[in-house]
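Chains as they are written, first to last, in numbering that gives the first Met the number 0: chain A, 0 to 378; chain B, 0 to 671; chain C, 0 to 430; chain D, 0 to 145.
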Amino acid sequence: MSTRVDPSLLQEIKKYGEIHVEDCFNCGNCTAVCPLSNSNTPFPRNNIRMLQLGMKDKLLESIDPWLCYYCGECTITCPRQADPAEAQMTMRRWLTAQYDWTGLSKKLYTSTAWSIGALIIGALIVILLALGLHGPLVTNQVELNTFADVHMMHTADLILAALLGFFLLSNLFRMYLFTFPRGAQNPPPLSIFITEAWQLVLHMLTQKRFGECEDNKRWINHLILVFGYGTMFVLIVLFLSWFQTDELYPIYHPQRLIGYVAALAIIYGSGDALIGRITKKHQMHRYSQISDWLFPILLILLAISGLMISAFRVSGLPILTYYTYVGHLVVMMMLYICIGPMGKWAHLLYRPFAVYFQAVKEKAEEHNKAIAHAPAPVS
Amino acid sequence: MTEKTNPKPEETKIGVYVCYCGGNISDVVDVEKVAEKMREHPNVTIARTDMSMCSDAGQSIVENDIKELGLNRVVIGACAPSLHEHTFRGTVARGGLNPYFFHHVGLREQDSWVHSNNPGGATEKAIRLMYAGIAKANLLKPLDMIKLKAERHALVIGGGVAGLRAAYDIAGRGINVTLIEKTPFLGGRMAQLETVFPTGNNAREDLHSLINEVRTHPLITIHTLSELVNIRGYIGNYDVQIRSQSRGVSGDNAEAALAACTQEVPDDFNYGLTKRKVVYRAYEGCFPSTPAVDWEHYDGKPIEIDGQKVIFENKKKTFDLRIGAIVIATGFQPYEPPRGDYGYDELPEVVTLPQFIRHMGLRDGNVGELTWKGHPVRDIAAIHCVGSRHLAGVHEPQPDGILNNYCSRVCCTATLHQVNELLDEYPNINVYDFYEDIRTYGLEHESYYTEASKKMVRFLRFHGDQRPEVVAAPEGDTHPVLVKGKDYLTNGLEVEVPVDLVILAVGMVPRPVDDLVDMMKIPKGDDRFLLEVHPKLRPVETPVPGIVLAGTAQSPMNIQESCNAASAAAAKVAVLLAAGQVELDPYVANVDLDKCEGTGACIEVCEYEDAIVLETMTVEGKEVQRAVVTPANCSGCGNCVSACPHHAIDVQGWEVAHYEAMVDAITMEVEI
Amino acid sequence: MDENKLKADALVVGGGIAGMQSALDLADQGYQVILVEKEPSIGGKMIMLSKVFPTLDCASCITTPKMSAVANNKNIRILSYSEIQSIQKNGSGFIANVLKKPRFVVEETCTGCRLCEYACPVDIPNPFDLNIGAIRAVRVPFSTAVPQIAVLDMDNCILCGKCARACPVDSIDFLQTEKEVEIEVDTLIIATGFETTPIDAKKEYGNGKLHNVIDGLIMERLLAPTGPYARVIRPGDGKEPESIAYVQCAGSRDETLGVPYCSRICCMYAIKQAMLIAGSLPMADITIYYMDIRTFGKGYEQFYQNAQAMGIEFVKGKVAKISEDENQNPVVRVELIDENSQIIERTHDMIVLSVGMIPKYNPSQVYGVNVDEFGFVKSPTPNLSSTKTNQPGIFATGASTGPMDIVDSINSASAAASSAASYLESVRNGK
Amino acid sequence: MNETTTTKEPKILILATLSGGYAGADYVGQQHLNYSTNTSILPVRCPSMFSTEFYIKAFEKGIDGIIVMYSGTDSPFKGGPERTAVMVDQTYKKMGELGINIKRLKLAAICTVCKKPFLKQVNEMNETLNEIGFVQDELADQGKDK
């Protein structure tokens, strides 16, 4: 069965980023120079070729763009300067949009108006809810838990997390469906999914593939960011009642200490990304879409506003504390819901899952080969 | 060595030199051993070896040996005599010897290169051949070159860009030129192009700047509708006969005849895409501007012009010229695929690149959409190497039995150039390019490839033995034609590309010039193109002195390369004719009057007019008839030699006695 | 005649194959030609080569007779070891100021006997062998050099005087100084040739620091019978290589090197060298990694097909990286672009980088000719008259106008001679 | 060197025209094709110069086979090829008379790029000579018969 060449895919994907893969003359330099690419998963040229020929189904099935960490080697050394790394980035955006069943992702990625609109709506919802649901504003001292009841907030967090989880998991499930298409082959047996699950945990926690780039400073920075971010996420979603207290602990108390460290980690990590995007020093920062800006900006705002709440609280400035708190919630809403499962944030899950799926695929292939080579049962 | 049958040679002092040829000979032949054996020969004064005899240092050795050792014969074993015999004659002359006291033995092309599997045998053979050379050298006599006046007049055959360039450059050196063109109009293939790489200039505008220079040059005479029908003579003094056809119409009635003519034939200028009248101009602005009658197709019926019925008449006339040198610039024709190949001639959507270029040229100005046979064109496939790079055992040879196994050199850049121009005008068209290797080799050519990529041309790579197929799309498909093939940029994926038009990037084949080849006795290569003597030593010369090659008659070339080759050909002609005199090898018949008895047997077998005659002379008081040779008329074939019952005639430098001595040497047992 | 003021019809700058051919074609028409060469001998790059494609003649079999013909032509005068300092217009002609560098050997008396060379105690890397072999500080540059005159390398000379004592004709002159020569000519041909792209241009290919990675020109010297070892061995340790790989486009078609164009000769020279190696090391495996094989010239495609038939392996894929294993064996990393794309790492004994061509010299300043962004002379009429420059009376030929193989260079050289001759005739008839 | 010269080989003389066979032999060399070393190629302008006497003498001197590689219709010499054919025909007659196998003399048109015909001629002559043996033996036998 021949594959029919379709010129439209490239035009479509061009909406997701500054790419010019048409410049590529398929020399293979990028794939061979890539420290993350190997014979089982040779990329990025294979993906670029899919774009050139319009092999949409193949690209949907491919998880290779997620295996790329934008080391930039390919782009630096490309003889035609066709920027394969940016192409991978753009394909990740496109894939995110394809995984997202709501269709919102596509709008957010391809339209600045939609992005800003979504942020405004998210902010308005939080502000309206805050206006309607906030408790009394105690002004003589800071009583945050009175202003925003910690149980209510925790419930809200949990609802938010559930919502986030629902979108994420449903998108992840679509990713799974695309990656293991029904039809031609049997999907890998469940046993392999289970035995390879450790890969998922490992890569989610360490992002160790990122470290395989020649320059691994970015990996360290990213790890710091994820650590800070992950810590905060766990604190807020699971331990809000411990974290959000009106009682002022000494500065060395874990509650404050963890909070500060995590916030600083976020500021450091996302600040690094932002500075990179502003100075455009690294390959990956040369072209920035609105989504690339929003993510670190919101992260940094989140951390700063969190620190500010703490600072105002410690300084005994109740009104500022409450307002900042609302602001903090606005940022959180924007981050989790508006650009969360539909946007860049989701790579947090797609990447480790892609590594995991890839491991499953490889194991399954070995498994299939073993079956094919097994002696036929004697009847 | 024993001398039985040979005349005893005079006291000869022979210098023998065996060349390593930079390894070409010494890799196989034990060169030192050969020299060692030569030293055993009684006539050999010195035998040496050298890494390269032809180098200045190597030649100096010979010169010095002649002077210091008093050598009077030189034998050099080296590459083929065709390459360096001339060089070494110069060396010997500088040493102070008559240049014909030299014999060249080919130890490379006819020994080391053909016996690489048998070094021992090759060494033995080298010794044998060198001994034969010495045997001949013993018998050599001093000779002088024959000096003849050379006609400062060149004939250029072909009025395409190469012919025009050559004519202009030769005339620029102050030499008369006659340019003949078979068709009624100048310009050749270049006139059929639109824009040309790497300048993007209009081909006909560029061409006309050259045509104008040529036609206004006082030393150049142009004959269109003319061809060479006969040639005799030799370098500097060729007698050529040229036959011209008439244009059929003249200035007075030309326009009226053009208007009145109704008979139409396929227009070869547009590769049959359109029709034209049998009274025609090749294109608007062509030179000469007077229309001409297409005699091949004219049905001979009268045409009514200004109320008069006129039948055009082809008044052929021939004329003779004396010419010093000839430039062959007969050009190429595009390869025409056999019917059905890639759907050519079967599917209306399949065209060759030259046809497509004409199609682009034929559009009326401002066209918003590209159409082909009335249908809009949205998707185009280009297929490279059609008629080029064929593989033995995979592709069928051409009807003449020759496989087009060469690269046609220009098609890659020409195709991409054309596609880029197309996409400038119609950016929404999708182009798919099926290639084997993209050969945009020139300085500015690669940028055409880059540009095509930037313009979203999609490249698909096939393997030479698995070329793409062009098939009609099934009923109801979105496009009329499918191009199918394996794409080796995508793991050998089977792909199909639906398109509205397929462009075949056809290669070049030489224009058939067998008549010239037969008349002039010039060689053709394995690929049918005319063959030069040596690609580096004498890249535009044929083995026939005074006949040189220009442009695509020799091999595929682009315009730049054709013009360079043509200018190079002009330089060779200038070298030959600038002095107004040529020197010929003195290899002509020579009568030994002591032996001649005036039988006239020689004259009976001689085919050259006035080369040999019987003259009356007085010998020992008696009036006798004796044969006398006129060197300028003698070709040196030797017919007369075997005819003479008294062995009284020989070809100078190539005497029967030389051969007998060489046979003696060859049959001698060599111990090594 | 005043040796500091010369007059001729034409000046040819550069004594490589193109310059020699131009000079010969003009001289054979009766014009007086002066050929200026920067190096101590004419011959250019071609005299360094082993055998040449597609005929596999030894390069010196073509070059040395041309060098000899130039030297012996009564209409040509060679100024070797000389450089053009400036060019002034002089009516329709030119006045060139040439600097004759000191050889420290008296040209008029030196016989090229090489006794000085044998006496010299100083060994220096041989520039003719691209510094792999050694040569003496005073020497005839190479065995077939033209002129056969010694040259003394003052930078490395220890002034021991042994050469001066050995010289039978007292030609060593330690006090020789540079000389200025003024040449008046009517026309000028630039034939300054090319250089190869530097071997250390690409970081991924080891920056020129890997032991057994060499460039194509060095391989030419290894293959040449006149070369430093007269056989092919690894420069790192002298081992006879069993597996040799060619990396194509190592200095061409690469935007990151600033050389986006195709250098035209590399495919053919790689194939040619591969065939020669196959001849001298029949057991060696030879691989050529390529992007496109560009065997476009007359007889080239058949040459390529012969190489395939000989068992030389052609692998489609651009080598992305070369590293080195513990035995100093180079390792290539490449994506095979074929039926099954794979990334492979293959270890070879030796790697040859098929480096490309860049101009040797940018003549825009001295000659006022237009050059392109890379420094190649740019013709205003590249198709119809490619050797013309924007300066009337100045022509350019060979690799100074762009990458070119020998066949094309020779045609271009004859074309330049043709154009220069026409120019000479036109200015004379004008007068 | 090596042992190849110890066994006696038949000797083949090739008279090849400069415009045909000799250039063809050079072409075979340029293609680096192999053939046997018992061949001696002598350049000739046109073989029409050789009389029957020349050929017979050559056989008597010990040449076992002669291939005349002329230029056929490509000859630059008018009447040369025809004259060559006449002389070779006459020689055949004489060879018959003398009891020399006429297969020892062969006339072949070889062009400048006729690599395959060139090799074919050389190989065929070798096969023929392997079959019919040395000319000296043949002439000696003739002597005995008489």
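Backbone N, C-alpha and C define an ideal beta-carbon position, used for all residues, glycine too.
Note that the coordinates shown come from a computational prediction; the quantities given were computed from them, not determined experimentally.
Own chain residues within Cβ distance below 7 Å of Q28 of chain C, not counting five before or after: Cβ within range, chain order: A420.
message: Can you tell me where the beta strand (DSSP E) holding C18 of chain B begins and where it ends?
response: From DSSP, the beta strand (DSSP E) with C18 of chain B extends over I13 to C18.
query: Closest Cβ-Cβ distance between C26 of chain A and chain C: below 8 Å?
result: Interface flag for C26 of chain A against chain C is set, since a Cβ pair is found closer than 8 Å.
message: Alpha carbons only, please: which of B:E420, B:G94 and B:R107 is nearest the one belonging to V30 of chain B?
response: With distances taken between Cα atoms, V30 of chain B lies closest to B:R107.
query: By DSSP, does G275 of chain A sit in helix, in strand, or in coil?
result: Of the three classes helix, strand and coil, the one that applies to G275 of chain A here is helix, per DSSP.
message: If distances are taken between C-alpha atoms only, which option among C:V105, C:N89, C:M290 and C:G18 comes closest to F24 of chain A?
response: The candidate whose alpha carbon is nearest that of F24 of chain A is C:M290.
message: So with CB distances below 7 Å, who are the chain A contacts of D253 of chain C?
response: Per Cβ cutoff of 7 Å: P78.
query: So, are the CB atoms of L306 of chain A and Q243 of chain A less than 8 Å apart?
result: Not a contact, by the Cβ cut-off of 8 Å.
message: Beta-carbon within less than 6 Å of T63 of chain C's beta-carbon, same chain only, minus the 5 sequence neighbours each way: which residues are those?
response: Excluding residues within five positions, the ones whose Cβ falls inside 6 Å are T143.
query: For R82 of chain D, does the count of other Cβ atoms within 10 angstroms reach 16, so buried, or fall short, so exposed?
result: So R82 of chain D ends up on the buried side.
task: Starting from D267 of chain B, trace the alpha helix (DSSP H) both ways and give me its first and last residue.
output: In the DSSP assignment, D267 of chain B falls outside any alpha helix (DSSP H), carrying neither H nor E.
Reference P167 of chain C; option with closest CA among C:P402, C:R113 and C:I134: Closest by alpha carbon: C:R113.
Contact with chain B by Y4 of chain A, beta-carbon distance below 8 Å: According to the sequence displayed, residue 4 of chain A carries Val and not Tyr. The beta carbon of V4 of chain A sits closer than 8 Å to some beta carbon of chain B.
- prompt: Are there three or more Cβ pairs, one per stretch, closer than 8 Å when the region 58–74 of chain C is compared with the region 177–186 of chain C?
  reply: Taking 8 Å as the limit for Cβ pairs, the verdict is that the region 177–186 of chain C does not touch the region 58–74 of chain C.
task: Have a look at S378 of chain A and V318 of chain C and give me their C-alpha separation to the nearest angstrom.
output: Residue placement at S378 of chain A is poorly supported in this model, since its pLDDT is 46, which falls under 50; the coordinates still yield a value, given next. Going by the C-alpha atoms only, they are around 52 Å apart.
task: Specify, as a first and last residue, the run of the alpha helix (DSSP H) that H657 of chain B falls within.
output: It spans V655 to T666 - the alpha helix (DSSP H) in which H657 of chain B sits, taken as one unbroken run.
query: Which of helix, strand or coil does DSSP assign to M68 of chain D?
result: In the structure shown, M68 of chain D sits in a strand (DSSP, three-state: E or B).
message: Within 8 Å of any Cβ in chain D, is that where the Cβ of C18 of chain B sits?
response: For C18 of chain B, the answer is no, since every Cβ of chain D falls outside 8 Å of its Cβ.
task: Buried or exposed for N367 of chain A, please, with buried defined as at least 16 other CB atoms from any protein chain shown within 10 angstroms of its CB.
output: By the neighbour-count rule (16 or more Cβ atoms within 10 Å), N367 of chain A is not buried but exposed.
- prompt: Y270 of chain B: buried (16+ other C-beta within 10 angstroms of its C-beta) or exposed?
  reply: Using a 10 angstroms sphere on the CB of Y270 of chain B, the tally of other CB atoms reaches 16 or more, which defines it as buried.
query: Contact check, A610 of chain B vs P644 of chain B under 8 Å by CB: the rounded distance?
result: Cβ atoms of A610 of chain B and P644 of chain B stay farther apart than 8 Å, at about 19 Å.
query: In three-state DSSP terms, what is M282 of chain C?
result: In this structure, M282 of chain C counts as coil in the three-state DSSP scheme.
- prompt: So the alpha helix (DSSP H) P358 of chain B belongs to, where does it begin and stop?
  reply: One detail in the question is off: residue 358 of chain B reads as His in this sequence, not Pro. L352 to L361 is the extent of the alpha helix (DSSP H) around H358 of chain B.
task: Would you mind listing the beta strand (DSSP E) stretches within the region 52–78 of chain C that are 3+ residues and don't spill past its ends, in chain order?
output: Within the region 52–78 of chain C, the runs of beta strand (DSSP E) that reach at least 3 residues and sit entirely inside it are, in chain order, 75–78.
task: Closer than 8 Å, Cβ to Cβ, to anything on chain A: give me those residues from the region 327–340 of chain C, in chain order.
output: From the region 327–340 of chain C, only R332, V333, E334, L335, I336 and S340 have a Cβ closer than 8 Å to chain A.
field: Buried or exposed (CB count within 10 angstroms, at least 16 for buried), W197 of chain A
entry: A residue is called buried once 16 or more other Cβ atoms fall within 10 Å of its Cβ, and W197 of chain A, having fewer, is exposed.
message: Tell me which residues share the same chain as K37 of chain C and place their Cβ nearer than 6 Å to its Cβ, disregarding the 5 neighbours each side in the sequence.
response: Excluding residues within five positions, the ones whose Cβ falls inside 6 Å are E82.
field: Cβ neighbour criterion (16 or more within 10 Å) applied to T36 of chain D
entry: Around the beta-carbon of T36 of chain D, 16 or more other beta-carbon atoms lie within 10 Å, marking it buried.
message: Classify I174 of chain B: buried if its beta carbon has 16 or more other beta carbons within 10 angstroms, exposed otherwise.
response: Classification of I174 of chain B: buried, given that the 10 Å Cβ count is 16 or more.
query: Under 9 Å Cβ-Cβ, which residues of chain B neighbour S169 of chain A?
result: S169 of chain A does not reach chain B, its nearest Cβ partner there being about 32 Å away, counting only Cβ pairs nearer than 9 Å.
- request: Determine the extent of the alpha helix (DSSP H) in which N28 of chain A is found, giving its start and end residues.
  value: Counting along the chain, the alpha helix (DSSP H) containing N28 of chain A begins and ends at N28 to V32.
query: Hey, which unbroken runs of the beta strand (DSSP E) at 3 residues or more fall wholly within the region 240–327 of chain C?
result: Within the region 240–327 of chain C, the complete beta strand (DSSP E) runs of at least 3 residues are 242–246, 284–289, 312–315 and 318–323.
field: Rounded C-alpha distance that separates C406 of chain B from S387 of chain B
entry: Approximately 5 Å between the Cα atoms of the pair.
- prompt: For the region 297–324 of chain C, which residues have a CB atom closer than 8 Å to at least one CB atom of chain B, in sequence order?
  reply: Hits within the stretch, in order: K297, G298, Y299, E300, Q301, Q304 and K315.
message: For P585 of chain B, which residues in the same chain have their Cβ closer than 8 Å to its Cβ, ignoring the five residues on either side in sequence?
response: Taken in chain order, the residues that qualify are Y99, L142, D143, M144, I145, P630, Q651 and G652.
message: At a threshold of 7 Å, does P124 of chain C count as lining the ligand NAP (C-beta to nearest heavy atom)?
response: Because no ligand of any kind appears in the structure shown, any question about the ligand NAP cannot be addressed here.
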